[in-house]
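Per this note's numbering: the sequence shown = residues 65 to 425.
The structure under discussion appears below in the form of structure tokens.
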Amino acid sequence: HIFPLVAFVREAKIFFEKLNFVPVFYYLGPANEVVKKTFQREGIKIFSVFSGKIRRYLNFSSVFLNFLDFFKILFGFFQSLFLLFFIWPKFIFSKGGFGSFPVCLAGKIYQRKIFLHESDSVLGLANKILAKFSKIVFVSFKETEIIPPSKKVFVGNIVRKEILQGDKERAKNKFSLVGDKKIILILGGSQGAQRINERILESINLFLENFELLHQVGPKNIAQTKALAEFLIKPELKKYYHPFGFLEEENLADALSVCDLVISRAGAGAIFEIALVGKPSVLIPLKESAQNHQLYNAYNFAKNGACLVIEEENFTSRFLFEIVKSLIFDEKKLKEMEEAAKNFAPKETLELILKEIFRSI
């Protein structure tokens with residue numbers, strides 16, 4: 065949820081400055097080093113707040129962790145009451161999840177207006193509760209069900225506009241691309257990257273004989289993936305494989321601009337970035353995602369022909385290769401998928417959100 069909040073703050077600064085109002089932004093919630101560095105660059109004031117989650121599966125471990133997390137949530141609630149008393153915000157904008165639960169609950173006590181944005185097709189437990197005392201619930205997918213329905217406003221997902229600023233020539237130089245084959249961008253995401261990495265590496269020479277690969281493998285997997293690739297890939301094909309731990313904003317924009325096809329998990333962030341740049345994609349929903357939301361995300365994106373979906377049960381290296389090969393050389397199909405992706409959601413998501421918030425505060 066970090067990058068949508070960054071995008072929101074960037075756009076909100078412009079929006080409110082046009083109204084001769086200089087806003088001050090505060091982040092209250094869990095804050096690791098990545099969160100702190102990212103928000104500090106944007107001029108956001110950061111207060112770390114304790115939080116926890118409720119696990120609905122039952123075993124000794126989950127009961128014990130739920131017991132501990134209950135007190136984390138309680139402590140975070142009192143932290144939030146203290147901080148909000150002094151900040152006294154005009155409104156609270158939340159991306160939801162258990163990380164925002166104590167803050168939003170405290171905000172409700174102080175009768176602050178809360179605006180919730182749900183990225184996925186299906187609401188998680190925390191957002192189902194938060195929706196009840198939010199002023200408006202902005203949704204990314206038309207199919208998302210909200211109780212009560214009157215609070216629902218369809219706006220699409222929040223995506224950094226900088227993703228549109230990719231440059232093909234810069235990408236070719238930056239990534240040392242050969243450029244004589246179709247280019248595939250593989251995005252493992254923060255979860256589930258390992259299984260995608262394994263399937264790609266199982267048939268790595270087959271892929272590289274046909275395509276050039278830009279592969280985001282996950283920061284924790286980069287050393288292992290590079291070592292395996294060095295061992296597995298034929299010497300003459302090594303120039304076609306480009307693994308990365310994580311693609312930062314500009315690098316991701318460049319990779320999306322230069323690729324012909326994206327292979328990705330089906331988190332809402334990835335889907336809407338793919339849609340914004342209008343790239344054909346093959347999505348592999350993470351089976352373990354909460355409420356199976358990635359599966360719903362993927363099929364909602366596939367409804368209008370924007371992507372193909374491979375479910376985890378069918379996810380083999382050879383099957384993925386055959387799907388990609390049948391698709392990537394079909395120029396007519398690729399063009400149709402590009403158009404479907406571009407037309408999937410509103411392009412002015414943040415403007416829609418900010419106008420609704422301004423009307424309500």
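Glycine residues also receive a C-beta, built at the ideal position from the N, C-alpha and C atoms.
In this structure, ILE250 sits near ILE264, with a CB-CB distance shorter than 8 Å.
According to DSSP, residue pairing for CYS323 in a beta bridge does not occur. For SER204 against ASN221, the beta-carbon gap comes to about 4 Å, under 8 Å, which counts as contact. Check the Cα spacing between GLU402 and each of LEU325, GLY243, LYS245, PHE422: the tightest is with LEU325. DSSP places GLY93 inside the beta strand (DSSP E), whose first and last residues are 90-93. Leaving aside the five residues that flank LEU132 on each side, none in its chain has a CB nearer than 6 Å to its CB. A distance below 7 Å between beta-carbons, with the five flanking residues on each side excluded, links GLY369 to the following residues of its chain, in chain order: GLU400, MET401, ALA404. With contacts defined as CB atoms closer than 8 Å, LEU189 and ALA170 fail to qualify as a contacting pair. Its chain contains ILE178, PHE179, LEU180, LYS215 as the residues whose beta carbon lies nearer than 7 Å to that of SER198, once the 5 sequence neighbours on both sides are disregarded; these appear in chain order. By the Cβ criterion, the segment 87-100 is in contact with the segment 67-79, since at least three pairs of Cβ atoms, one from each stretch, lie closer than 8 Å. By the CB criterion at 8 Å, SER353 and ILE338 fall outside the cutoff. Residue pairing by DSSP leaves LYS232 without any beta bridge partner. In this structure, the CA atom of PHE165 is about 11 Å from the CA atom of ALA195. Of the candidates PRO307, CYS371, PHE379, LEU416, the residue whose Cα lies closest to the Cα of LEU398 is CYS371.
ILE297 is a Cβ neighbour of LEU272, given a cutoff of 8 Å. Between ASN356 and ASP184 the beta-carbon gap is near 10 Å, outside 8 Å, which marks them as no contact. Residue pairing for TYR305: DSSP places it in a beta bridge opposite LEU277.
A contact between stretches requires three or more CB pairs, one per stretch, nearer than 8 Å, and the segment 146-160 fails this requirement with the segment 119-136. For GLY93, the number of other beta carbons within 10 angstroms of its own is at least 16, and it is reported as buried. Counting the other CB atoms within 10 Å of its CB gives LYS343 a total of 16 or more, which places it among the buried residues. Within the segment 345-402, complete beta strand (DSSP E) segments of at least 3 residues are found at 345-347, 371-373, given in chain order. ASN269 and ARG119 have their C-alpha atoms spaced approximately 42 Å apart. Under DSSP, LYS136 takes part in no beta bridge, so it has no partner. Shortest Cα-Cα distance from ILE335 to any of PHE310, ASP244, PRO299, ILE227 involves ILE227. For GLU182, the uninterrupted beta strand (DSSP E) segment begins and ends at 177-182.
At the C-beta level, LYS232 and SER321 come within 8 Å of one another.
Around the C-beta of ARG423, fewer than 16 other C-beta atoms lie within 10 Å, and the residue is accordingly described as exposed.
Counting along the chain, the unbroken beta strand (DSSP E) around SER158 starts and ends at 155-158.
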